[in-house]
Structure formats: structure tokens, C-alpha cells
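Since the structure comes first, as C-alpha cells, the remarks are kept for the end.
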Amino acid sequence: MLMEIKDHVSYIVMFVMALCYSGFSIAQSNLSNMLDKEISNKENNRRHFVYATFKGTHLVNANTIETIKGRELDFRVSHRFGDIGGEFGGEKRFFGLDNSTDIKISFDYGISDRLNFGIARAKGATAVRQLYEASLKFKLIRQGEEEGMPITVTAFSNVVATSMPSNVKPNTPDHFEKFQDRLSFAGELMIGCKISDGLSIMVMPVFVHTNYVIANDDNNVYAIGVAGRLKLTRRMSLVADYYKVYRSQQSIDKFKADGLTFYNPLGAGFEFETGGHVFDLTFTNCTAILENQFIPYTTTTWKMGQFRWGFNLSRIFSFKK
3 MLMEIKDHVS YIVMFVMALC YSGFSIAQSN LSNMLDKEIS NKENNRRHFV YATFKGTHLV
63 NANTIETIKG RELDFRVSHR FGDIGGEFGG EKRFFGLDNS TDIKISFDYG ISDRLNFGIA
123 RAKGATAVRQ LYEASLKFKL IRQGEEEGMP ITVTAFSNVV ATSMPSNVKP NTPDHFEKFQ
183 DRLSFAGELM IGCKISDGLS IMVMPVFVHT NYVIANDDNN VYAIGVAGRL KLTRRMSLVA
243 DYYKVYRSQQ SIDKFKADGL TFYNPLGAGF EFETGGHVFD LTFTNCTAIL ENQFIPYTTT
303 TWKMGQFRWG FNLSRIFSFK K
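Plus 2 on top of the position in the sequence shown (first one is 1) and you've got the numbering used here.
Below you can see the structure in the form of C-alpha cells.
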């Protein structure tokens with residue numbers, strides 16, 4: 003009798019163990035299928051992302067919607083020469099190459115794929131020079147990230163400070179009574195769309211605030227920009243950007259009385275991919291490189307030959323393990 007009970011217990015234990023093993027195998031198979039499905043979904047979502055709407059983080063004058071990838075550093079040199087034509091250009095100044103209106107050297111680091119931090123030093127092209135910039139750039143929305151999402155939206159902001167000596171003469175742009183007078187700020191929203199592999203467009207509302215301005219000038223200036231990139235060959239593209247600037251009539255009249263007229267920034271150029279580098283050969287009526295200066299204070303025009311050669315050179319360094 004005791005032996006029969008032991009046999010029954012043995013059969014029951016073996017049955018339970020077999021059942022548990024079968025259940026574990028099924029659960030393991032289901033878990034594996036779930037993980038495979040999750041990975042597949044992520045890969046599918048990743049395929050839906052739109053990449054390289056623009057090749058770099060800048061066009062001619064404008065920021066683009068693009069950000070540096072996490073743990074990567076973008077070293078960039080931007081240069082603007084003198085006027086090609088007009089009173090201050092032509093053969094006597096080698097079509098502007100004898101002069102330099104502005105130079106900027108910048109480092110932008112990818113804290114993540116969507117968040118970048120940058121520092122820069124610029125010569126400056128107005129009466130306010132010796133400029134230092136700190137900036138943040140954050141990608142808010144990505145084209146194709148959500149079903150039906152047709153655009154990418156990126157926000158940019160900076161603070162710029164000048165280290166130049168203060169002018170002792172009051173009511174001049176470079177007269178600084180306190181440190182706050184040395185600061186200016188820019189905020190920009192870039193809204194872009196990759197229409198096809200060869201064509202990308204962008205709209206950019208901009209706000210620029212300058213803490214100290216002379217009498218009857220505007221502390222706040224607004225602009226709306228448009229930009230585009232047209233791919234011509236595998237490694238060359240045509241790029242262009244334009245800003246319509248809005249300022250008060252009081253400011254316009256004040257500077258016109260001083261012999262200065264404001265013009266809307268317009269730039270065009272060619273973008274070249276050269277194996278690790280992105281090189282832009284540009285033409286623009288802007289003398290300045292930073293938004294804080296070329297948005298409110300562009301006083302040169304294409305119509306009078308007051309446009310200039312320039313270039314942007316970008317090199318990416320990776321710190322990923």
C-alpha cells in the first residue's frame with residue numbers, strides 16, 4: 003500500500019514538473035516573442051524618422067532644425083569678407099577679400115541627440131565687438147516621429163556678451179554703464195520639412211532683445227525667416243535663407259536721419275560635403291554672423307553691390323566609446 007502511494011506521489015510530482023517546465027517554456031517563448039515584437043516596433047518607428055532634412059546645423063545666416071548627436075562635438079569656423087562691389091569693394095579691395103567684416107569660431111556639443119550646448123567667440127560687425135556667445139538648441143518635434151507628423155520643430159536661444167571697453171561718450175551703442183548693458187539675447191523657432199530627398203524648406207520666427215540701445219532705437223526686434231536646401235548632386239546643394247525684419251517706425255526714422263537704412267538679410271550659397279567636413283561657400287548682404295547683430299542691424303544691400311563672400315566650415319568629432 004505504501005509503495006502504491008509512493009508511486010502515485012512520484013507520478014504526480016513528475017506531472018507537475020512537466021507542467022511547470024511546459025508553462026515555463028511557453029512563458030519564455032511568449033516573452034521572447036514580446037521582446038522581438040518590441041524591438042521590431044522600435045526599428046519600424048526608427049525607419050519612420052526623417053533624417054538629414056538639412057546637412058548641417060547652419061545654412062548661410064540661419065540656424066537649421068538639425069542638432070548634433072549625443073557625445074559629439076561640432077567645431078565650426080564662419081567668415082565674412084568685405085563688400086564685393088560698391089564704394090568699399092571692387093578691384094581696389096580685391097572684391098572684398100582684403101577685408102573681414104566678421105569671424106566666428108564655435109563649439110557645439112551634443113548633450114543628447116536632441117539637446118545641444120554651444121559656446122562661441124565672434125569679432126562682431128557693428129559698433130559692439132569682441133562678442134562671446136552661449137547657446138542652447140533643443141529639438142521639440144521630429145518629422146515622422148508620430149504618425150502624420152509632417153514637420154520638425156527645433157528651438158534655439160542664446161545670450162551674447164561683449165568684452166570691449168566702454169565708450170566714454172554717452173548715447174553710443176558701445177557705452178556700457180553696467181554689466182547688463184553688455185548683453186543681448188536671441189530666441190528662434192525653426193520649423194522645417196523634408197519634402198523629398200532633394201528638397202527641404204524651413205520657416206523661422208525670431209526675437210532679438212538688446213539690453214542697451216541708443217535713444218529712439220528698439221530694444222526688441224522681430225523677424226520671420228524662410229530657408230531652403232536644394233540638392234544638386236550627391237555632394238553639392240544650393241542653400242538660401244531670407245529674413246523679413248520688423249522694427250518700429252521711430253527707429254527707422256531715427257537711423258535714416260543719421261544716413262543709415264536697414265535692409266532684410268538675404269543669403270545664398272553652395273554646400274559641399276567633403277568626407278567628414280561640411281563646407282559652405284556663401285554670399286550675403288549681412289556683415290555680421292550672430293543673429294543678435296544681423297537681424298536688427300543689417301545696413302548693406304545687394305542692390306549696391308554690398309554683398310560679400312563668406313564660408314562656413316564644420317567638422318564633427320565623436321566622443322562615443
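Just so it is clear, CB atoms sit at the ideal spot from N, CA and C, and this is done for glycine as well. Treat the numbers as computed from the prediction; the structure is a model and nothing was measured.
- Determine, using beta carbons only, whether Gln182 and Asn213 come nearer to each other than 8 Å. A contact, by the Cβ cut-off of 8 Å.
- Task: Compare the beta carbon distance of Val210 and Val223 with 8 Å and say whether it is the shorter of the two.
- Result: Cβ distance < 8 Å, so Val210 and Val223 count as in contact.
- Query: Which partner residues of Ser207 appear in the DSSP bridge assignment?
  - Reply: According to the sequence shown, residue 207 is Pro rather than Ser. Beta-bridge pairing links Pro207 to Ile226.
- For my contact list, Gly58 and Ile113 are in at a C-beta cut-off of 8 Å; report their separation, rounded to the angstrom. About 18 Å separates the beta carbons of Gly58 and Ile113, which is beyond the 8 Å limit, so they are not a contact pair.
- Taking Lys139 and Phe158 to be in contact with their CB atoms under 8 Å, please state how far apart those CB atoms are, rounded to whole angstroms. The C-beta distance from Lys139 to Phe158 rounds to 5 Å, short enough to fall under 8 Å.
- Which of helix, strand or coil DSSP assigns to Asn46: In this prediction, Asn46 has a pLDDT of 49, which is less than 50 and means its spatial position is unreliable; nothing more can be read from the coordinates.
- Item | Leu133 versus Val208 - alpha carbon distance | Rounded to the nearest angstrom, the two C-alpha atoms are 20 Å apart.
- Item | Met306 - DSSP class collapsed to helix/strand/coil | Note: Met306 maps to helix in three-state DSSP.
- With which residues is Met166 paired in a DSSP beta bridge? Paired residues: none, contrary to the question.
- Query: Where do the ends of the beta strand (DSSP E) carrying Lys246 lie?
  - Reply: Per DSSP, Lys246 belongs to the beta strand (DSSP E) from Met238 to Tyr248.
- Which of helix, strand or coil does DSSP assign to Ser316? Three-state DSSP puts Ser316 in a strand.
- Item | Nearest-angstrom Cα separation, counted from Leu268 out to Leu262 | Cα to Cα, Leu262 sits roughly 18 Å from Leu268.
- Query: Could you give the uninterrupted runs of the beta strand (DSSP E) lying entirely in the stretch 100 to 142, keeping only those of 3 residues or more?
  - Reply: The stretch 100 to 142 contains these whole beta strand (DSSP E) runs: 102 to 112 and 117 to 124.
- Message: Just to confirm, is the Cβ distance from Arg310 to Ile86 under 8 Å?
- Response: Between Arg310 and Ile86, the gap from beta carbon to beta carbon is short of 8 Å.
- Task: With a 10 Å radius around its C-beta and 16 neighbouring C-beta atoms as the bar for buried, classify Tyr248 as buried or exposed.
- Result: Its Cβ having fewer than 16 others within 10 Å, Tyr248 is exposed.
- Query: Just to confirm, are Thr300 and Phe257 a CB contact at a threshold of 8 Å?
  - Reply: Cβ distance not < 8 Å, so Thr300 and Phe257 don't count as in contact.
- Under the rule that 16 or more other beta-carbon atoms within 10 Å means buried, what is His60, buried or exposed? The residue in question, His60, is buried, as its Cβ has 16 or more Cβ neighbours within 10 Å.
- Task: Taking Glu74 as part of the alpha helix (DSSP H), name the residues at either end of that continuous run.
- Result: DSSP places Glu74 in no alpha helix (DSSP H) but in the uninterrupted beta strand (DSSP E) bounded by Glu74 to Asp85.
- Message: Taking the straight line between their C-alpha atoms, what separation do you get for Ile226 and Ser80?
- Response: If you take the alpha carbons of Ile226 and Ser80, they lie about 23 Å apart.
- Query: Using the beta-carbon count (16 or more within 10 Å), is Ala229 buried or exposed?
  - Reply: With 16 or more other Cβ atoms within 10 Å, it is buried.
- Query: Helix, strand or coil: which one does DSSP assign to Glu68?
  - Reply: Under the three-state reduction of DSSP output, Glu68 falls in the coil class, being neither helix nor strand.
- Message: Using 8 Å as the threshold, is the C-beta distance between Ser198 and Thr55 below it?
- Response: Not a contact, by the Cβ cut-off of 8 Å.
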